[in-house]
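Heads up: the sequence shown begins at 3 in the working numbering, then just goes up one per residue.
Note that the Cβ used here is the ideal one computed from N, Cα and C, for glycine as well.
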Amino acid sequence: MIAGPVPTLALSRARRGLAVLAACALSLILSGCSAIDFYWQGVAGQMSLISRARPISEVLETSDDPTLKKQLLRVQAIRAFAVRELALPDNNSYTRYSDLGRPYVVWNVVATPELSLQPYQWCYAIVGCQAYRGYFNEDEARAEAKRLVARGDDVNLGGVAAYSTLGWFDDPVLSTFVRYRETELARLLFHELAHQIVYVKDDTAFNESFAVAVEEEGMRRWLKAQANRPDAAVLAEDAARTRRLKSDFRAIVRSTRDKLRELYASRVSEADKRTGKAQAFAEMREQYERAKAGWGGLAAYDRWFQTGANNAGIAGVGLYADHVAEFAALIVANDHDMIRFYDDVKTLAKLPKGMREQRLAALAKPAAIAGNDSLGNRLLNAAPTPATLP
3 MIAGPVPTLA LSRARRGLAV LAACALSLIL SGCSAIDFYW QGVAGQMSLI
53 SRARPISEVL ETSDDPTLKK QLLRVQAIRA FAVRELALPD NNSYTRYSDL
103 GRPYVVWNVV ATPELSLQPY QWCYAIVGCQ AYRGYFNEDE ARAEAKRLVA
153 RGDDVNLGGV AAYSTLGWFD DPVLSTFVRY RETELARLLF HELAHQIVYV
203 KDDTAFNESF AVAVEEEGMR RWLKAQANRP DAAVLAEDAA RTRRLKSDFR
253 AIVRSTRDKL RELYASRVSE ADKRTGKAQA FAEMREQYER AKAGWGGLAA
303 YDRWFQTGAN NAGIAGVGLY ADHVAEFAAL IVANDHDMIR FYDDVKTLAK
353 LPKGMREQRL AALAKPAAIA GNDSLGNRLL NAAPTPATLP
């Protein structure tokens with residue numbers, strides 16, 4: 003999908019959604035049996051979400067679940083804030099509610115070779131190539147994970163509470179995340195709406211890091227706006243604790259990733275690489291246990307260490323964190339003006355991937371944000387240099 007203005011009329015969005023389904027149908031005709039099965043489960047899963055969705059106003063009137071009603075009112079407030087304060091799309095996304103009756107909406111499979119941190123890419127109609135494969139059915143996801151493990155790959159299988167259709171459909175509020183704590187609910191909505199602003203084919207790390215940066219800026223503003231609430235201190239502490247946990251977890255993963263990159267690029271034998279790999283992951287687990295002693299841990303991270311502490315798990319974490327600091331610097335460079343920030347990100351999105359990587363790396367340097375002219379124009383017009391990936 004190509005990022006652009008998000009239509010505000012439901013009819014226009016419905017037509018775009020039908021265009022996506024038509025493209026998927028064509029892909030079915032042109033694909034082999036396994037691809038047909040995969041595309042079909044995607045189409046059927048998306049249509050199931052749409053058919054289950056009910057207007058939030060209707061749910062508020064008819065539901066006898068006070069917690070659900072409280073959370074849906076909270077969603078409405080967060081969504082309005084996102085539009086007003088973060089210039090995120092004002093459309094029909096998150097104005098309907100869908101009860102799925104299961105813990106996750108999709109299950110994602112990430113895989114890497116045994117001695118590499120480079121995730122495999124799966125390519126699809128419309129959205130291009132991504133570093134994961136998503137299934138609406140858990141059993142099908144587990145079957146794919148089992149197939150990849152059998153051929154010797156490192157595999158991470160994880161449930162996902164929400165995803166963005168990038169503006170092609172009106173994404174509903176889902177039962178899989180509606181009962182999140184307020185701070186995590188706000189993060190999720192800011193993140194998923196951000197995907198409707200900019201999406202670059204074949205660059206998962208760019209897309210996810212951008213959305214995380216918007217999420218972080220949104221949380222900063224949301225907490226400031228809640229400062230006069232009686233529970234403001236509790237809310238701020240909850241957000242700060244989550245930030246600390248994420249920071250510590252990512253630091254542990256980043257340290258291990260650096261060790262493994264050096265190991266896999268070395269000239270030692272494959273047997274020695276396997277030994278070094280096992281040692282690196284053992285050390286990572288020890289680091290995590292020490293960190294847990296300080297902040298008590300988190301169930302999601304415990305699950306990750308039980309099932310995802312391998313090359314694929316590290317690759318998956320990197321997709322969401324690799325460029326967050328650079329995007330955060332770009333927000334600061336634009337004096338926290340989100341519209342200007344989005345314009346600069348769209349400028350970056352137009353560049354070839356290698357050049358885009360270089361421009362992102364430059365954002366971490368003070369000299370990259372000096373001057374009064376548009377940062378986006380300087381990023382776009384700067385003389386090209388040889389592209390290198392990190």
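Residue range of the unbroken alpha helix (DSSP H) whose run includes residue i
i, result
"SER257", "234-267"
"GLN132", "Not the alpha helix (DSSP H): GLN132 falls in the beta strand (DSSP E), residues 130-132."
"SER100", "It is not in any alpha helix (DSSP H) - SER100 instead sits in the beta strand (DSSP E) that spans 98-100."
"ASN209", "206-227"
"LYS203", "First-last for LYS203: undefined, no H or E at that position."
"GLY278", "272-297"
"THR185", "184-196"
"THR165", "Per the sequence shown, residue 165 should be read as Tyr rather than Thr. Per DSSP, TYR165 belongs to no alpha helix (DSSP H) and is neither H nor E."
"ALA330", "326-335"
"LEU365", "355-365"
Residue i burial status per 10 Å Cβ neighbour count (16 or more: buried)
i, result
"ALA229", "exposed"
"LEU20", "In this prediction, LEU20 scores a pLDDT of 49, lower than 50, which makes its location untrustworthy; the coordinate-derived value is nonetheless stated afterwards. When all chains shown are included, LEU20 counts as exposed."
"ILE199", "buried"
"GLY103", "exposed"
"LEU44", "Per the sequence presented here, residue 44 reads as Gly, with Leu not at that position. Label assigned to GLY44: buried."
"LYS226", "exposed"
"ARG135", "buried"
"THR69", "exposed"
"ALA370", "Because ALA370 sits at a pLDDT of 47, beneath the cut-off of 50, its placement in the model cannot be relied upon, and the following sentence gives the value as read from the coordinates. With 16 or more Cβ atoms within 10 Å of its Cβ, ALA370 is classed as buried."
"ALA280", "exposed"
"LEU75", "exposed"
"VAL270", "exposed"
"THR258", "buried"
"THR10", "Here the model assigns THR10 a pLDDT of 30, short of 50, so the residue's position is not dependable, and the following value carries that caveat. Per the 10 Å Cβ criterion, exposed."
"PRO57", "exposed"
"ASP205", "buried"
"ASP39", "exposed"
"MET340", "buried"
"THR167", "buried"
"MET286", "buried"
"VAL334", "exposed"
"SER249", "exposed"
"THR349", "buried"
"PRO232", "exposed"
"HIS325", "buried"
CB contact flag (residue i, residue j, <8 Å)
i, j, result
"THR114", "ALA323", "no"
"PHE192", "GLY154", "no"
"LEU190", "ALA164", "yes"
"GLN120", "GLN132", "no"
"ASN158", "GLY320", "no"
"TYR99", "VAL61", "yes"
"ALA196", "LEU353", "no"
"THR244", "THR178", "no"
"VAL396", "VAL162", "Here the chain covers residues 3 to 392 and nothing more, so residue 396 does not appear."
"SER59", "ASP172", "no"
"VAL111", "ALA84", "no"
"ASP92", "ASN313", "no"
"VAL77", "LEU187", "yes"
"TYR266", "LEU362", "no"
"ALA351", "ALA327", "no"
Endpoints, the beta strand (DSSP E) within which residue i is located
i, result
"GLY160", "156-162"
"SER136", "Before going further, note that residue 136 is Gly rather than Ser in the sequence given. GLY136 -> beta strand (DSSP E) spans 135-137."
"TYR126", "124-126"
Residue i CB to nearest heavy atom of the ligand ATP below 7 Å
i, result
"THR114", "Summarising the ligand content, the structure contains no ligands, and the ligand ATP is consequently not present."
Collapsed DSSP secondary structure at residue i in the structure displayed
i, result
"ALA113", "strand"
"SER118", "coil"
"ARG149", "helix"
"TYR303", "helix"
"LEU176", "strand"
"PRO91", "coil"
"ARG56", "strand"
"VAL347", "helix"
"VAL107", "coil"
"ASP141", "helix"
"GLY310", "coil"
"HIS40", "It should be pointed out that residue 40 corresponds to Phe in this sequence rather than to His. In this structure, PHE40 counts as helix in the three-state DSSP scheme."
"LYS352", "coil"
"PHE171", "coil"
"SER50", "helix"
"ARG76", "helix"
"ARG231", "coil"
"ARG181", "coil"
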